[in-house]
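In this note's numbering, each number is its position in the sequence shown, counted from 1, plus 188.
Where is the CB? At the ideal position from N, CA and C, for every residue including glycine.
Just so you know, these numbers come straight off a predicted model, no measurement behind them.
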Amino acid sequence: MELNEITITKAIIDRYFEKLRNHLDMDVAIVGGGPSGLVAGYYLARAGKKVVLYERKLSVGGGMWGGGMMFNEIVVQESAVGILEEFGVRCRKYEQNYYTADSVEAISTLISGAVKAGMTLFNCVSVEDVVMRSEQVTGLVLNWSAVQLAGLHVDPLAVKSKFVVDATGHDTEVVQVVQKKVPGKLNTPSGRLEGEKSMWSEKAETLTLENTREVFPGLYVAGMAANATFGGPRMGPIFGGMLLSGQKVARQLIEKCE
């Protein structure tokens, strides 16, 4: 059968806009497609929640692709190995409490697993603002990443969400917007973004999990964004805290959405 270019185009447009229209109102909107955001999306979707993840880049996966300094291996501590194994990622014990995994296998499997679980993913989409009502975050303001990169003056569109998760890593993109534009203070010691500190792997891994929580009504932080928000250090190419953080925020929101 002959292939028609217009039919190909129509198929893409119809299916994309069907997906977009069906996800203008959701339970949880996750911003940032790194490991913590993907794991959160996976568990939320498995629990039957309507969850969408927005990633500003073309590729999804955050910094896990590059392992450590482009050596495509990652380290995960024993407490988080079970999450990777649940997804089907192969792990090898290096020594007591240290496991390694191929970074490309790990992140590609997390992406696939989250989508297959029912999470909807939009890449090349940036969050430039939040929707607020009575000092509570109730949605996101979106635009194409290419619009921001080109510096074009193009008005965005909005989506509604019961809860938002900032999983944007070091940049804390959503928290930055809320601090700058939304009345009220963050739930941090100073009431403001504390800022990321220098590397301390052991402390960072512990604090990543402790800092995974609600930072402003309707807004949660996970992964490296949690540490940067509450003033914790960075951890480098060990990813157990990221995985456990995604699992923790999902559990918190599953209870909230019920």
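8 Å CB neighbourhood of residue i in its chain, flanking five on each side removed
i: Leu212; result: Val347, Lys348
i: Thr360; result: Asp354, Leu381, Val409, Ala413, Ala416, Thr417
i: Glu393; result: Gln265, Met423, Ile426, Gly428, Gly429
i: Ser267; result: Gly428, Leu432
i: Leu374; result: Val363, Val366, Gln367, Arg380, Leu381, Val403, Phe404, Thr417
i: Met387; result: Pro421, Arg422, Met423, Gly424
i: Arg439; result: Tyr231
Neighbourhood of residue i by C-beta, 6 Å cutoff - its chain only, sequence neighbours within 5 removed
i: Val319; result: Thr326, Gly327, Ala346
i: Lys385; result: Pro421
i: Glu402; result: Tyr408
i: Val329; result: Glu316, Asp317, Pro344, Ala346
i: Val342; result: Val335
Collapsed DSSP secondary structure at residue i in the structure displayed
i: Met214; result: strand
i: Met258; result: coil
i: Glu243; result: strand
i: Ser378; result: coil
i: Thr360; result: coil
i: Leu407; result: strand
i: Asn331; result: strand
i: Glu190; result: coil
i: Met430; result: helix
i: Leu340; result: coil
i: Glu293; result: helix
i: Ala414; result: helix
i: Lys153; result: Since the displayed the chain opens at 189 and closes at 446, residue 153 lies outside it and no answer follows.
i: Ser349; result: strand
i: Lys385; result: strand
i: Thr195; result: helix
Cβ-based neighbour list, residue i, same chain, cut-off 7 Å, excluding 5 preceding and 5 following
i: Ala414; result: Thr396, Asn399, Thr400, Ser433
i: Ile196; result: none
i: Gly406; result: Gln324, Val325, Thr326, Phe351, Val352
i: Leu246; result: Asn311, Cys312
i: Asn331; result: Ser314, Glu316, Val342, Pro344
Contact belief for residue i with residue j at Cβ below 8 Å, rounded distance in angstroms
i: Tyr204; j: Gly301; result: So it is not a contact: roughly 22 Å between Cβ atoms.
i: Gly232; j: Leu431; result: Gly is not the amino acid found at residue 232; the sequence shown has Leu there. In fact, because the Cβ distance is near 15 Å, the residues do not count as touching under 8 Å.
i: Val313; j: Ser333; result: 6 Å
i: Glu193; j: Gly221; result: Not a contact, Cβ separation roughly 31 Å.
i: Cys445; j: Asp202; result: Their Cβ separation, rounded to whole angstroms, is 30 Å, which puts Cys445 and Asp202 out of contact at 8 Å.
Beta-carbon gap between residue i and residue j smaller than 7 Å
i: Glu382; j: Gly424; result: no
i: Ile299; j: Phe427; result: no
i: Trp253; j: Ile295; result: yes
i: Val437; j: Ala228; result: yes
i: Thr297; j: Gly270; result: no
i: Thr356; j: Val219; result: yes
i: Ser224; j: Gly411; result: yes
i: Ile442; j: Ala235; result: yes
Review point. Within the chosen definition, does the stretch 236-250 reach the stretch 306-319 through at least 3 CB pairs nearer than 8 Å?
Key: yes
Check your understanding: Are the stretch 271-284 and the stretch 197-210 in contact at 8 Å, needing three or more beta carbon pairs?
Key -> no
Practice item. Assess, as a yes-or-no matter, whether the stretch 363-378 is touched by the stretch 242-259 under the definition of 3 or more beta carbon pairs within less than 8 Å. Key: Segments in contact, no.
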